[in-house]
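A.B. asks: In the working numbering, the protein residues as written are 200 to 470.
For every residue, glycine included, the Cβ atom is placed at its ideal position computed from N, Cα and C.
Just passing along the structure, written as structure tokens.
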Amino acid sequence: MRPTDERQAPPGHRPRLTERRVPQPGDLICGQCGEANPPTRKFCARCGTGLVEARVVPEKWWRRFLPRREPAKAGTRRRRRGGPGKVVGRVVRWALAVLLLAGVGLYGLVGPFRQAVNNQATSAARDVEDWFSKDPRPVRPTGITATAESPGHEAALAADNARNTYWAAPVEPELPTLVLEFDGQVELERAIFQVGIGDRFQTAHRPEKVHLVYSTGRTYDLTLADDPDPQTVEIENSAGAESVEVFVKSLHRSLQGNEVAISEIEFFTVE
């Protein structure tokens, strides 16, 4: 080289500018340069800054109501969906999503629709509140008879408010029936049954299926647990009844004896 020649410095490295990634739900936004990075990255693809404290792009609210598709695992191919069952399922899911969005839109934009929904919700809440706040009132029978009874364990003992007495009756040739009469029309809504014989629970059969027939002609069926403790059950269809027949339809059977026993039956109306 000549003493007067000047060595030219090599041109410096110029960063290559790439098009920025469009942010997608779940992407990590670099706090240094603002680049959107796939959620699998640990460092920013643009400036190399760590993404531990990066902001996550939130998912759009409406996509939460749509079914999610899981990504295919590495080395596998996603199978093409087919078959009428899957098509119907997909249509049903989309229809439910559309109906849900339409309902939300109607509730938010249409005043009468919103008022109707609010009224229904208020009415349902009031019904539940009324049910639990009402006091049950016992309805005492004025007469009790039965199609069968054992000596010393007459039908009246099934509703004498004493747990140490009981009605018993043979189960052959047919299962027995109790008939309770009331002083006027009643509406029974609850009942307490104590089946079997107190501390000698296993010495007699216990009612399992009970069929109630009211004087109005309406009916209601009950299933009783095989439990020596009193059990409360809800009953329906009794409005206007002046009597009720209690048919024993099936039994929790005992290893001893050939009688069915009920220690107590109490009926209640709710005010």
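#1: How should GLY395 be labelled, buried or exposed, when 16 other C-beta atoms within 10 angstroms of its C-beta is the threshold for buried?
#2: Could you pull the DSSP bridge partners for GLU465 from this structure?
#3: Give every residue of the same chain whose Cβ lies closer than 6 Å to the Cβ of PHE466, excluding the five residues on either side of it in the sequence, and list them in chain order.
#4: Touching or not, the region 412–423 and the region 452–465, by the rule of three or more beta carbon pairs under 8 Å?
#5: Does the beta-carbon distance from LEU356 to VAL445 come in below 8 Å?
#6: Determine the extent of the beta strand (DSSP E) in which GLU380 is found, giving its start and end residues.
#7: If you run the structure through DSSP and keep just helix, strand and coil, what is GLY249?
#8: With DSSP collapsed to three states, give me the class of ARG450.
#9: Taking the alpha carbon of VAL255 as the reference point, which residue from PRO224, ALA438, TYR306, THR239 has its own alpha carbon closest?
#10: What do you reckon, are the CB atoms on THR402 and SER453 nearer than 8 Å?
#11: Do you know offhand how far LEU298's Cα is from ARG289's?
#12: Please go through the same chain and pick out, in chain order, the residues whose beta-carbon is closer than 7 Å to the beta-carbon of SER449, but skip the five residues on each side of it.
#13: So if DSSP puts VAL445 in a beta bridge, which residue, or which two residues, is it bridged to?
C.D. replies: The answer reads as follows:
#1: Indexing the sequence shown from 1 puts residue 395 at position 196. So GLY395 ends up on the buried side.
#2: As a position in the sequence shown, residue 465 is number 266, starting the count at 1. The partner list for GLU465 (beta bridge, DSSP) reads ILE391.
#3: In the sequence shown, residue 466 corresponds to position 267, counting from 1. Answer for PHE466: VAL338, LEU387, ALA390, listed in chain order.
#4: no
#5: Reading the sequence shown from its first residue, position 157 is the one you call residue 356. Reading the sequence shown from its first residue, position 246 is the one you call residue 445. In this structure, VAL445 does not lie closer than 8 Å to LEU356 by Cβ.
#6: Counting from 1 along the sequence shown, the entry for residue 380 is found at position 181. First-last of the beta strand (DSSP E) with GLU380: 376–385.
#7: Working through the sequence shown from its first residue, we reach residue 249 at position 50. GLY249 falls in the strand class under three-state DSSP.
#8: As a working mapping, residue 450 is identified with position 251 in the sequence shown. Per the sequence shown, residue 450 should be read as Leu rather than Arg. Reduced to three states, the DSSP call for LEU450 is strand.
#9: In the sequence shown, the residue the question calls residue 255 occupies position 56. Comparing Cα-Cα distances from VAL255 to each of PRO224, ALA438, TYR306, THR239, the minimum goes to PRO224.
#10: The residue labelled residue 402 in the question sits at position 203 within the sequence shown. The residue labelled residue 453 in the question sits at position 254 within the sequence shown. Their beta carbons are under 8 Å apart, which means THR402 touches SER453 by this criterion.
#11: The residue labelled residue 298 in the question sits at position 99 within the sequence shown. The residue labelled residue 289 in the question sits at position 90 within the sequence shown. Rounded to the nearest angstrom, the two C-alpha atoms are 14 Å apart.
#12: Residue numbering aside, residue 449 sits at position 250 when the sequence shown is read from its first letter. Same-chain partners within the cutoff: GLU407, LYS408.
#13: Position 246 of the sequence shown holds residue 445. In DSSP, VAL445 forms a bridge with LEU377, LEU411.
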